[in-house]
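In what follows, a structure is listed as structure tokens, so that the remarks can point back to it.
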Amino acid sequence: MNRRPLHAVTGAFGYSGKYIAQKLLAKGHKVITLTNSLHRQNPFGEAVQAFPFHFDQPEKLSATLQGVEVLYNTYWVRFNHQMFTHAGAVQNTLALLDAAKAAGVERLVHVSITNPSEASPLEYFRGKAQLERALKESGISYAILRPTVLFGKEDILINNIAWALRRFPFFGVFGDGRYRLQPIYVDDLAELAVQWGERRDNVIVDAIGPETFTYRELVETIGRLIGKTRPIVSLPPALGYFAGWLIGKFVGDVMITREEIDGLRADLLFVDSPPAGKTRLTDWARARRDTLGLQYTSELTRRRDRDAAYASN
Ligand SMILES: NC(=O)c1ccc[n+]([C@@H]2O[C@H](COP(=O)([O-])OP(=O)(O)OC[C@H]3O[C@@H](n4cnc5c(N)ncnc54)[C@H](OP(=O)(O)O)[C@@H]3O)[C@@H](O)[C@H]2O)c1
Numbered sequence: 228m229n230r231r232p233l234h235a236v237t238g239a240f241g242y243s244g245k246y247i248a249q250k251l252l253a254k255g256h257k258v259i260t261l262t263n264s265l266h267r268q269n270p271f272g273e274a275v276q277a278f279p280f281h282f283d284q285p286e287k288l289s290a291t292l293q294g295v296e297v298l299y300n301t302y303w304v305r306f307n308h309q310m311f312t313h314a315g316a317v318q319n320t321l322a323l324l325d326a327a328k329a330a331g332v333e334r335l336v337h338v339s340i341t342n343p344s345e346a347s348p349l350e351y352f353r354g355k356a357q358l359e360r361a362l363k364e365s366g367i368s369y370a371i372l373r374p375t376v377l378f379g380k381e382d383i384l385i386n387n388i389a390w391a392l393r394r395f396p397f398f399g400v401f402g403d404g405r406y407r408l409q410p411i412y413v414d415d416l417a418e419l420a421v422q423w424g425e426r427r428d429n430v431i432v433d434a435i436g437p438e439t440f441t442y443r444e445l446v447e448t449i450g451r452l453i454g455k456t457r458p459i460v461s462l463p464p465a466l467g468y469f470a471g472w473l474i475g476k477f478v479g480d481v482m483i484t485r486e487e488i489d490g491l492r493a494d495l496l497f498v499d500s501p502p503a504g505k506t507r508l509t510d511w512a513r514a515r516r517d518t519l520g521l522q523y524t525s526e527l528t529r530r531r532d533r534d535a536a537y538a539s540n
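Taking my numbering, the leading residue of the sequence shown gets 228, the next gets one more, and so forth.
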């Protein structure tokens with residue numbers, strides 16, 4: 228009998244996981260998802276069955292993964308908050324790795340971050356490095372994808388830069404704004420994930436897009452494309468953080484954290500590698516010049532409202 232390979236994707240009703248699931252279904256694979264939002268709008272209907280993560284019940288987690296050939300792991304939390312922490316996400320991901328091993332999962336495609344380091348003072352980058360090491364030591368064949376920042380219609384950073392440019396008479400950058408980013412299109416990341424899911428050699432890929440911007444250039448470019456060219460002002464990072472905090476209070480979100488500012492300023496979203504994605508942010512944003520940033524996109528709304536689809540620009 229012709230058995231369709233079973234693949235598992237975390238967060239298929241979220242952002243990158245949704246694009247990965249789409250591509251796997253198009254290849255004819257059977258797909259399940261592990262999610263913290265079991266009742267979030269399911270864009271795949273019956274084609275993708277959803278299971279809770281069961282991080283605290285290893286047997287259940289590994290039972291869910293029985294028969295899975297490839298697991299695509301996007302699970303992580305963006306910042307520390309009263310509802311979730313990086314430390315918790317590290318523990319949960321370690322539980323996921325153990326369960327994958329116990330279930331005999333052949334291959335793990337793991338989404339990490341550029342420049343992870345166990346010596347980093349930044350918990351995001353340190354936690355990601357701990358997980359990369361655990362995966363390498365697990366004995367499961369792996370592909371580690373290290374994106375910088377993603378863009379796509381459900382994105383937060385690019386959209387909210389556009390949102391701020393539409394609303395305020397000037398835009399403040401943290402310090403000189405010369406730190407760099409290499410945004411990758413979420414669908415290109417998904418393509419990489421699926422490609423590397425087919426292989427069995429161990430690999431680490433810097434998942435970066437074809438354009439490199441300084442933060443200042445990124446803001447200028449988005450402003451120009453949406454027709455909202457604003458003066459760009461260098462702010463002392465603490466003042467920039469305070470402005471972001473204030474806007475966050477106003478919109479009921481955490482707009483940016485101190486850690487994210489430190490990571491940007493330390494150039495951790497830049498790597499000296501060839502591009503892995505082909506879609507240019509400038510082309511993508513130009514095609515959405517009329518809608519990009521019309522609405523603020525809130526991370527916390529996604530976490531609080533587990534039933535609604537992710538907002539999109
Ligand atoms: N987005 C970016 O710009 C960016 C940049 C660099 C690296 N990355 C990495 O790419 C991966 C995927 O990112 P994404 O933006 O595509 O994520 P996402 O779809 O929003 O979330 C991925 C998974 O993590 C879960 N999750 C996220 N935040 C959570 C929280 N606070 N509490 C509990 N569960 C949470 C989601 O839960 P549900 O199951 O409830 O949906 C989903 O299962 C992550 O590992 C991230 O570190 C992303």
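Cβ atoms here follow ideal geometry from the backbone N, Cα and C, with glycine treated the same way.
- In this structure, W423 has its beta carbon at no less than 6 Å from each heavy atom of ligand 1.
- In this structure, DSSP gives P285 a helical state, which the three-state scheme calls helix.
- Sequence-distant Cβ neighbours of F440 in its own chain, meaning closer than 6 Å and more than five residues away, are L408.
- Shortest Cα-Cα distance from T320 to any of N307, Q357, Q309 and E296 involves Q357.
- The three-state secondary structure of K363, taken from DSSP, is helix.
- Between ligand 1 and Y242, a heavy atom-to-CB distance of less than 6 Å is present.
- It is roughly 9 Å from the alpha-carbon of R457 to the alpha-carbon of R451.
- For G354, same chain residues with a beta-carbon under 7 Å away, outside a window of 5 residues either side, are H313, A316 and V317 in chain order.
- Its Cα nearest to that of G436, the residue V376 stands out among L462, F271 and V376.
- Between L335 and L372, the C-beta spacing is not below 7 Å.
- In the structure shown, the three-state DSSP call for D433 is strand.
- In this structure, DSSP gives P348 a state outside helix and strand, which the three-state scheme calls coil.
- The DSSP-derived three-state label of F469 is helix.
- Not one heavy atom of ligand 1 lies closer than 6 Å to the C-beta of R443.
- N300 sits in a strand when the DSSP states are folded into three classes.
- For the 7 Å CB-CB criterion, S365 and L324 form a contact.
- In its chain, beyond the 5 residues on either side, R231, P232 and H234 have a beta carbon closer than 7 Å to the beta carbon of H256.
- Annotation for Y369: no alpha helix (DSSP H) segment contains it, though the beta strand (DSSP E) segment containing it runs S368 to P374.
- In terms of side-chain proximity, the C-beta atom of P437 is found no nearer than 6 Å to any non-hydrogen atom of ligand 1.
- V236 has its CB no nearer than 6 Å to any heavy atom of ligand 1.
- Assigned with DSSP and collapsed to three states, F497 falls in coil, not helix or strand.
- The C-alpha of E447 lies about 10 Å from the C-alpha of G454.
- Beta-bridge analysis with DSSP links P270 to no other residue.
- Between the alpha carbons of V338 and R393 lies a gap of roughly 32 Å.
- Exclusion of the five residues before and after G520 leaves N386, A389, W390 and R393 as the residues of its chain whose Cβ lies within less than 6 Å of its Cβ.
- A contact between stretches requires three or more CB pairs, one per stretch, nearer than 8 Å, and the region 341-355 fails this requirement with the region 396-407.
- When the Cα atoms are used, L416 and A253 turn out to be separated by approximately 16 Å.
- Only exposed fits Q309, as fewer than 16 other CB atoms lie within 10 angstroms of its CB.
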